[in-house]
Amino acid sequence: MFELAVLDSALRMATPLILASLGGLFSERSGVVNIALEGILLTGAFASIVATYYTGNPWAGVFAGVFAGILISLIHAIVSIVFKADQIVSGVAINLLAMGLTQFLTWIIWGSSANSPPVQGMAHWSLPETWGPVARGVNTVIGHYPPLVYVALALVAVSHVVLFRTPFGLRLRATGEHPEAVDTLGVSVHAMRFAGVLMSGAFAGLGGAFLALNTHQFVKNMSAGRGFIALAAMIFGKWNPVGAFAACLLFGYAEAVQMGLQGQAVPTQFVQMIPYVLTMVALVGVIGRARPPAAIGKPY
Amino acid sequence: MNRFARLSQLLSPLVAVAAAFLVGGLVVTAIGENPFRIYAILFRGAFGSIDAIGLVLFNAVPLIFAGLAVAFAFRAGLFNIGGEGQLYVGAFVCTLAGLALGGLPAVLLIPLLILASAAGGAVWAAVPGLLKARFGVHEVINTIMMNFIAVGLTSYFIINMLREPGQMTPQTSEIALAGHLPRLAGPLSRIGIPLPQANPLNFSLVLALAAVWLAWYILYRTNLGYEIRAVGMNSQAAEYAGINVRRTIVLAMLLSGAFAGLVATNEVMGFRHRFLDNFSSGLGFMGIAVALLGKNTPLGVLLAALLFGVLNTGALEVDIFTDVPRELILVLQAITIILVVVGNEVFARRAAAREGRAAGVPLPATEPSREA
Amino acid sequence: SAEQPGSVDGALRVGMVFDVGGKGDKSFNDSAYRGLLHAADQFGVEHTEFEPGQDADRETGLRKLAQAQYDIIIGVGFLFSDAMRKVAVDYPDVKFACIDFDPRPGETLPDNLAGLKFREEEGSFLVGVIAGLFSKTGRIGFIGGMDIPLIHKFEAGYIAGAKYANPAVSVTVAYAGATPQQAFADPAKGKELALLQYGRGVDVIYHAAGSTGNGVIEAAREVNRQAIGVDSNQNYMAPGNVLTSMVKRVDNAVFKTVQSAVEGNFSGGLREFGLADDGVGYAVDEYNEDLLTEEMLSVVEDARQAIVEGTISVPTE
Amino acid sequence: MSERHAVQMRGITKRYPRALANDRVDLDVEEGEIHAIVGENGAGKSTIMKVLYGLTPPDGGEILLWGRELSGHRPADAIREGVGMVHQHFMLVDTLTVAENVVLGAEPVRGCCLFDAAASRERVRQLSSEYGLSLDPDELIENLSVGLEQRVEIVKVLYRGAKILILDEPTGVLTPQEVRELFVILRALRDAGRTIIFITHKLEEVLELADRITVMRDGRVAGVVSAAATTKEELARIMVGRDVLLRVTKEQARLGEPVLQVSRLSAVGRKGSHVLEGIDLEVRSGEVLGVAGVQGNGQTELVEVITGLRKASAGSVTVSGRETTNRSPRQVRDLGVAHIPEDRQARGLVLGFTMAENLVLGRHHREPFSSRGLLSLGDIRTHAERLIEEHDLRPRDPDVDAGHLSGGNQQKLIVAREFDGGPALLVASQPTRGVDIGAIEFVHTSLLKMRDQGAAILLISAELTEIMTLSDRIAVMYGGKIVAEFEGGRVGEEELGVAMTGGAGPTARGSVSSDGAPGSRHATGAR
Ligand SMILES: Nc1ncnc2c1ncn2[C@@H]1O[C@H](COP(=O)(O)OP(=O)(O)OP(=O)(O)O)[C@@H](O)[C@H]1O
Ligand SMILES: Nc1ncnc2c1ncn2[C@@H]1O[C@H](COP(=O)(O)OP(=O)(O)OP(=O)(O)O)[C@@H](O)[C@H]1O
Ligand SMILES: [Mg+2]
Ligand SMILES: [Mg+2]
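Here it is, written out as structure tokens:
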């Protein structure tokens, strides 16, 4: 259970979850529930492949994923912030929209309702071999992760700093707790919430880009429920970047262990349940009540 | 509420649906198809014949149950994303009972299987309910997790223990004939509605309508409903009023799960007569959309489920007979939801503004009381 | 695609209903679709096709096609078995064919329903032989989509073949998921499953997991090991890293079925396609010919001969 | 007093869907004065201030600051022009620290873009010592008493360099000592040249503190008077438009059997500390026992234990001789205990329920409102119509949602419900908080009427005048204990105040407040 391959796998499985849950966190910290993470992941995945397909450059795909994530979360922002509609309804609708739109466009662009052709993937980062044994050593340790894994890890730290060490983060957190207070201080609640929701789009879009670029392909509904797991991780992590990160690692780890345990005497279906049962047990036993931002879900 | 507000309550979803069709039409045009032709085919698929209408209803039935499940829990302030898992367990228990109790006559077996469906769903929903009531764990996470677990568990039992002998297909044998819900084609033909015999519409529709009524009745005519709504709107006040909040949460989840479990009456008792692994393909999630579109009221759920039934049924026709894929319908559904909620807000604000203008005068300040 | 019932020029009308995954899956469904296109090319038949959104749509869709006077309706995938049985009886003038038909013991099919089965285990046996011969580590892997009987056939044949080639070989087996989503449409999961197996010394992995398997092939490319494709020839997807593909000639079956209808000699009943009639096989092309040695191929061909002659019987479970 | 006008508002009109909140209001505030605005609930006081602060755009009228027209109608514009506001409901973020709340929206920055926490702390320290407002910059708001929260609000305003301070009902939730301290601070601010606008219902305060007074009624200005030249009675008359009984008269209590008996009652808070310690109480039929105390000293918890909302860790509670210790709220209610909760919106009402539904809350499960698990809608409606009639609830429509009622009417609804059905014991917690003098008068007379009909009444109030006028006996709580008991009418405000603070400094808090019930702190924030 602790072999390197399993840990590696855990980190990679966790990466899209980490990105999506960080995204969800910015949205929810600003007071906007975001159950659209699933749809944003999917949209990001799709856009990243489209862009890579046409440009041949996976980094263009990364930017397209982020951009598409922002675009689709803009719908969520407009519907739930400007029009003050129910945030959960909006999220459900966006999930549907993402599902339909990505399949529809897959069909338009590639004539397939199932998947895209393979595209150029992202080269792993590594030091030049000419640097000698040191470079080789470093490469064997870190070289087997896709670049976006490092980006995700860095973003955990960045998110923590942004949320807890910048004026923006202070305002964002205050907006989720007590929007009136923020408003009376001359800070625009709408602007903060737009920022939160759009950031969630950017992060989850990036998560989608990772998901697709890592397999070099878009497959319909390839988010496969990860947006919901990310949401659970965010709650599990008590709306903190580091907490959410830890929860994602746990989920990723449980998933990897599950994959690694298969083929033993236990029926696969039971092994496949491990992450979910583990989550429930952990929630009851370790974590208990998590306190969401006080004004979450309430239009302002 | 004044008449304008009431009218707009009715009107706003209609306008939204129309607007969604407009947007969908633009998309269709953009891909070089004639939207009028596509929509004509869509509506032919949904309304073109008695058969088509029967299919609309048939497709609406599971959405009614799944939507009620979400809406009912919502009234207690709970967000039940676990409809999918609950309906699997409901169908599983129903199938088990239908296989085991073959000797019973229909008058006994049918009610028993209906109960079994509801009970299966209820038990599955009770777990997150209990965890919420007892440990305060957010039901959203647990219902999601329970979905995955339900799918895995039923899959295991269906494939490894209950699979129809000699079959590859991961499905059980047929349940006892006495447990089949009759199709509606026969009775309807007798009263002059020529629904084809092959149409899958069955008595589960009647159960769905009864469930809509029951949900409404429980919520608005019983103590329990009063308490559920009180807990949902203000659990502190409910506690103050002597309502056992934890118990109410568990009960609300139980009932919510029971509604989800009743999907089995259509799938297992009325249509396939067996449990097919992974039969649902996301009904539980569509239930969320249906409930929200129906504003979490039983009647709203019914209407929203019918709308989705129309779209799904028409989508099949479009998919078969044109080059426009069914995904367009998903897009259409999503746009409809977005526009309905936006429309509601816009209408509500306009109604409020009107009311203000109509009132025009300040409210009477607190009048001195007569006891003074 | 056609919309109006009744054909204009008397051409035969063919309707095809896909399995989960649908047109463009580069695998099972595409193989069926290729057969249809080939037939359209050859015989000028008209055709339409669609993918059902939910389970009940299978039966409804078949009926709609029958009502719209399609002459022959092909369901792709065993999930159509029940619906086909019912609908075929209601429309005796329409011909039906079901790929991977799942017969009940002792069942006889109506004259207008052809059940087309494949002995995937036989093809899987041969790619298993190749894997067993190729593996340097003596460890090979299998990744299935869902833990269901159909996929067990692939697994059982593959393992038997590998053991035939190398009795000491060990096979690691994994399944992707319990929902169709996770099982057949999650390449990220497939890739991780494969990387994990490769990380444990496995050097060849055979997948039977739809789009999830695309991740397996991607993993092979990434760590420069071998994958084995399934259903369609997937060798091109990562040249040099797809050892071979177990091809299931659904295209041939579809083509032949349409042909029989065109020529007026369509007959109902069960038909099984195995190694003997090229219903299944393994792919060798420019992408993998450098990987397969003469000796390997001769062992494989011997095995094929033995299976056809019945001296080797391949397990299905 | 300077000649300059700090604020001139001309013809301000503000219309809400259900009310004309401000109707051509003119307001002149001179530089360096303390200007009070008084008026009943809903008179439009908060609205005119929100307009001034830019929170609410007016439908008409103009605003001049120091003779210049105010540009823009956002709080940011007002803040820039030197206007600061302490809101009626505090605008503090619970989960942030004092310093973070103070600098929010105008944060000091370190480096390129990092929040400078050290500088924030330093500024808060500096400002609070400048005006004698001792505050710990690192304390979380959720751990502060209301009095301290208010200081944070004031520091917030000062931090932004406000020259005009608006305080909307700043004294409603303060103890007498805290009020006195606040006044000292406000006078100091005025003497330092700042202009203060001060909203209140409390006429004594106005006369004590203000230089000039604007009286509002029904959204209009009913008069502007100088504090030196008016009396309480005159102010009340301008406010309400009629003579008001400023003091209720009560008859001698006719004591009956003991109804509520509390002995050696203790309860433990979330963090394991004692929130109640060895409380002994007795309330007899026909008697009002007032419980005074600084908020957060266990009053909330005492009420919760008595009504079954919180578990006792030791001791016992009996009602009419029956043991109710740690019984469920329903069991307690069914013994004839009625309860006016301290926070009407958080506990007392389901805002999404209609008036009729709210009027049976807590009794919905009993005959005649339900039988065999089914609601009797007819009886519920009749009941509602009767209570609406008897208590003059507005609007007179049982189908209106309680959320659409004004604050005063919400409170009256609860009073009507809890008074109905002849309870043996009435636990009334802050029964007149935030309601105007007309409604206060009503609640007070009703309470005494109930007492005279033989009910036992436990009255908890932060309003000392209320305690002193209504109570037959007064118990004082401090630190979760009863520290003193007085006969009603035999004790002065001063004496009570000293007992309430346990002899310590005026803003001292007992050990219990930091982990009081979750609702107790919010109670002060909500209206
Ligand atoms: N934020 C708001 N949004 C909508 N309506 C509001 C809002 N605040 C108050 N109201 C409406 O204004 C009316 C009176 O509100 P408010 O509570 O300010 O009155 P009040 O001054 O407390 O009245 P009373 O004199 O009876 O105590 C109510 O009808 C209420 O619904
Ligand atoms: N946001 C709002 N929406 C609708 N109506 C409102 C709103 N705010 C205030 N009102 C209405 O405006 C009127 C004046 O309200 P305002 O809050 O100014 O009263 P107030 O004098 O401050 O009363 P109080 O003493 O209760 O604080 C109220 O009767 C209420 O009906
Ligand atoms: Mg008010
Ligand atoms: Mg006010």
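Chains as they are written, first to last, in our numbering: chain A, 11 to 310; chain B, 5 to 376; chain C, 12 to 328; chain D, 1253 to 1779.
Note that CB positions come from ideal geometry on N, CA and C, so glycine has one too.
Assigned exposure category for residue i - 16 Cβ within 10 Å defines buried
i                            : result
isoleucine 118 of chain A    : exposed
leucine 14 of chain A        : exposed
lysine 1701 of chain D       : exposed
lysine 1563 of chain D       : exposed
leucine 14 of chain B        : exposed
isoleucine 98 of chain A     : buried
phenylalanine 261 of chain A : buried
isoleucine 197 of chain B    : exposed
cysteine 258 of chain A      : buried
methionine 23 of chain A     : buried
aspartate 1651 of chain D    : exposed
valine 1527 of chain D       : buried
asparagine 164 of chain B    : exposed
lysine 97 of chain C         : exposed
proline 302 of chain A       : buried
aspartate 242 of chain C     : buried
glutamate 1405 of chain D    : buried
proline 302 of chain B       : buried
asparagine 235 of chain C    : exposed
proline 1593 of chain D      : buried
Per DSSP, the bridge partner or partners of residue i
i                            : result
alanine 109 of chain C       : The displayed chain sequence assigns cysteine, not alanine, to residue 109 of chain C. DSSP, once it has assigned bridges, lists C:Gly86, C:Gly126 as partnering cysteine 109 of chain C.
isoleucine 1449 of chain D   : D:His1287, D:Ile1418
aspartate 104 of chain C     : Answer is none; aspartate 104 of chain C lacks a bridge partner.
methionine 257 of chain B    : For methionine 257 of chain B, which the question treats as bridged, DSSP gives no partner whatsoever.
glycine 1312 of chain D      : D:Thr1265
histidine 1526 of chain D    : D:Val1520
serine 92 of chain C         : BP columns for serine 92 of chain C are empty, so no partner.
glutamine 1513 of chain D    : D:Glu1534, D:Thr1570
tyrosine 293 of chain C      : C:Met257
phenylalanine 284 of chain C : C:Phe129
Beta-carbon separation (whole angstroms), residue i vs residue j, contact threshold 8 Å
i                           : j                       : result
aspartate 1209 of chain D   : leucine 1322 of chain D : Look at the range of chain D in this structure, 1253 to 1779, and you will see that residue 1209 of chain D is not part of it.
leucine 258 of chain B      : alanine 129 of chain B  : 6 Å
phenylalanine 17 of chain A : tyrosine 155 of chain A : Reading the sequence as shown, one finds leucine at residue 17 of chain A and not phenylalanine. Not a contact, Cβ separation roughly 11 Å.
Practice task
Report the residues of the segment 100-130 of chain C with a CB closer than 7 Å to any CB of chain B, ordered along the chain.
Solution key: Of all residues in the segment 100-130 of chain C, the ones placed with a Cβ closer than 7 Å to any Cβ belonging to chain B are Asp101, Asp113, Arg115, Pro116, in chain order.
Handout entry: Pocket of ligand 2 (residues with CB nearer than 5 Å to any heavy atom), chain order
Key = Here the list is D:Tyr1268, D:Ala1271, D:Ala1273, D:Asn1293, D:Gly1294, D:Ala1295, D:Gly1296, D:Lys1297, D:Ser1298, D:Thr1299.
Problem - Residues in the segment 142-157 of chain B having any Cβ partner in chain A nearer than 8 Å - result: Cβ contacts with chain A: His142, Val144, Ile145, Asn146, Ile148, Met149, Met150, Phe152, Ile153, Gly156, Leu157.
Exercise for the section: Anything in the segment 179-195 of chain A with a Cβ closer than 8 Å to a Cβ of chain D? List those residues in chain order, please. Expected result: Gly179, Leu180, Arg181, Arg183, Ala184, Glu187, His188, Glu190, Ala191, Val192, Asp193, Thr194, Leu195
Problem - chain B contacts from the segment 1586-1605 of chain D (Cβ-Cβ distance under 9 Å) - result: Under the 9 Å Cβ criterion, the segment 1586-1605 of chain D contributes Asp1586, His1591, Pro1593, Asp1595, Gln1597, Ala1598, Arg1599, Gly1600, Leu1601, Val1602, Leu1603, Gly1604, Phe1605.
Exercise for the section: Would you list, in chain order, the members of the segment 235-262 of chain C that have their beta-carbon closer than 7 Å to a beta-carbon of chain A? Expected result: Met248
Practice task
Output, in sequence order along the chain, the residues in the segment 197-230 of chain A whose CB is closer than 9 Å to any CB in chain D.
Solution key: Val197, Ser198
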